[in-house]
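Here the structure is laid out as structure tokens; the discussion comes afterwards.
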Amino acid sequence: MFKKKILIITSEAFKKSWKIEIIKLFSKENIIFCKDNKSEIVKNVKSCSAMVGCPRFIFSKKEYHRFKNLEWVHAGGAGIESFLTDEFKASSTVLTNGKIIQGPEVADHAVGLILSFTRNLYFIAKSLPKLQRPLELRNKKILIIGLGGIGMCLAERLSSFGAIIDGITNDMPVMTSFINKAYYEGNINKYANKYDIIVCTAPLTKRTFGLLDYSFFSKMKQDSIFINVSRGKIVNTSDLIKNNLYKKFRGIGLDVTDPEPLRKSHKLNKAQNIFITPHVAGPSDQNRERGYELIKLNILRYLSNKELLNVVNKNKEY
């Protein structure tokens, strides 16, 4: 294998001061900067052993041979389903991503969507008639599907309101006071009717694709609240409108949809109890700085032959 050299793909969001700092911290022999342009990436990656800021959908079956020698790839976002081609999954390339560090802002967004319904803020802003009495979150039972970085941040926030938080997870969560109970795998439909609010923060994998369907939503409580801030394809959108099922909810908050965006004439866009935000839960005034700090730490660890942070299990797909 050739000498360790890292291709850092930059966008307009990648600050000039970050480039200067990276050059100061690491030898120029170890770093190449490249704009997010496919032809430029393909040209520069030939001499590199790692790629940071990897764009989505680049590891196609036709193109993967260009990247097969990479030891490490870093994706800035939390969602990595668009990278996991069969060829890439089968490779020895280590994949890291932005999981955990996107937790605070996405969790904040989920809380905002919940409060827009419990405090009637959404209905007031839309000048909708016949408001129900506002709700307190105190003692409300909330289920979080997915207790990763986002789910745990959300649990922490909601517990401060006095809510009772349960979660569904594939892995043992940290033993914290704000998680009342954790369920492991199994049929999630059997839990649906126990909760006032259900929030999806799970990653999109082969197992979670279309997981939340007609059977699940039909079992949720009348006048309950459902929030999705993860991936649109986890929810079967057509099932939500089947037999006007969405009308049973006090509110549905969706930062992601399938397809995305929904056509303007779509039933969910016209429903009075559905608040759709255009996939904006991820940005904040601090998330890019957190992402940059992770990149710096992992470059140092990579060049020092140390274990990387935020490694993705490519078989589990998160």
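Residues -15 to 302 in the numbering used here are what the sequence shown spells out, letter by letter. In this text, a Cβ means the ideal position worked out from N, Cα and C, and glycines have one as well. Remember, predicted model here, so these are calculated numbers, not experimental data.
Check                                                                                                                                                                          : Outcome
Could you please give the first and the last residue of the uninterrupted beta strand (DSSP E) stretch that includes Thr102?                                                   : Taken as a continuous stretch (DSSP letters only), Thr102 belongs to no beta strand (DSSP E), being part of the alpha helix (DSSP H) at 87 to 102.
The beta strand (DSSP E) with Ala186 in it runs from where to where?                                                                                                           : Run containing Ala186: none; DSSP gives neither H nor E here.
Taking all protein chains shown into account, do 16 or more other C-beta atoms lie within 10 angstroms of the C-beta of Val183, making it buried, or fewer, making it exposed? : buried
My output table needs one value for Ile25: the three-state DSSP class, helix, strand or coil.                                                                                  : helix
Quick one: what's Asn212 bridged to in DSSP?                                                                                                                                   : Cys184, Leu238
Which residues bound the alpha helix (DSSP H) around Ala147?                                                                                                                   : Careful: Ala147 lies outside any alpha helix (DSSP H) and carries neither H nor E.
Taking the alpha-carbon positions, what's the Tyr48 to Leu287 distance?                                                                                                        : 24 Å
Given this structure, state the Cα-to-Cα distance separating Ser202 from Leu229, to the nearest angstrom.                                                                      : 7 Å
By a C-beta neighbour count over all protein chains shown, 10 Å radius and 16 as the cutoff for buried, is Met(-15) buried or exposed?                                         : With a pLDDT of 47 at Met(-15), under the threshold of 50, the predicted position of this residue should be treated as unreliable, and no value is reported.
Of the choices Arg274, Ala255, Lys226, Pro245, whose alpha-carbon is the least far from that of Ile236?                                                                        : Ala255
Please report the Cβ distance between Arg122 and Gly146, rounded to the nearest whole angstrom; I am assuming they are in contact, meaning their Cβ atoms lie under 8 Å.       : 4 Å
Candidates Val219, Lys251, Lys280, Pro187: which alpha carbon is nearest Ser1's?                                                                                               : Lys280
Less than 8 Å separating the beta-carbons of Tyr167 and Tyr175?                                                                                                                : yes
Helix, strand or coil, according to DSSP, for Met159 in the structure here?                                                                                                    : coil
Please check the pair Ile134 and Ala91, which I expect to be a contact at CB under 8 Å, by giving their CB distance rounded to whole angstroms.                                : 6 Å
Starting from Ala59 and walking both ways along the beta strand (DSSP E), at which residues does that stretch end?                                                             : Note, Ala59: premise wrong, no beta strand (DSSP E); not H, not E.
Count the other CB atoms, across all protein chains shown, that sit within 10 Å of the CB of Thr160; report buried if there are 16 or more and exposed otherwise.              : exposed
Going by DSSP in three states, Phe193 sits in which element: helix, strand or coil?                                                                                            : coil
Fully enclosed by the stretch 219 to 282, which beta strand (DSSP E) runs are 3 residues long or longer?                                                                       : 235 to 238, 258 to 260
Residue range of the alpha helix (DSSP H) that Phe200 falls in?                                                                                                                : 198 to 203
Quick check on Gly130: buried or exposed, where buried means 16 or more other Cβ atoms within 10 Å of its Cβ?                                                                  : buried
Output yes or no for whether 8 Å exceeds the beta carbon distance between Ile218 and Phe193.                                                                                   : yes
Can you say whether Lys(-1) is buried or exposed, counting buried as having 16 or more other CB atoms within 10 angstroms of its CB?                                           : exposed
Can you check which of these residues, Gly60, Ile84, Leu238, is closest to Tyr276 by C-alpha distance?                                                                         : Gly60
Quick check: the stretch 38 to 53 against the stretch 260 to 269, are there 3 or more CB pairs under 8 Å?                                                                      : no
Rounded to whole angstroms, what is the Cα-Cα separation between Asn227 and Lys251?                                                                                            : 12 Å
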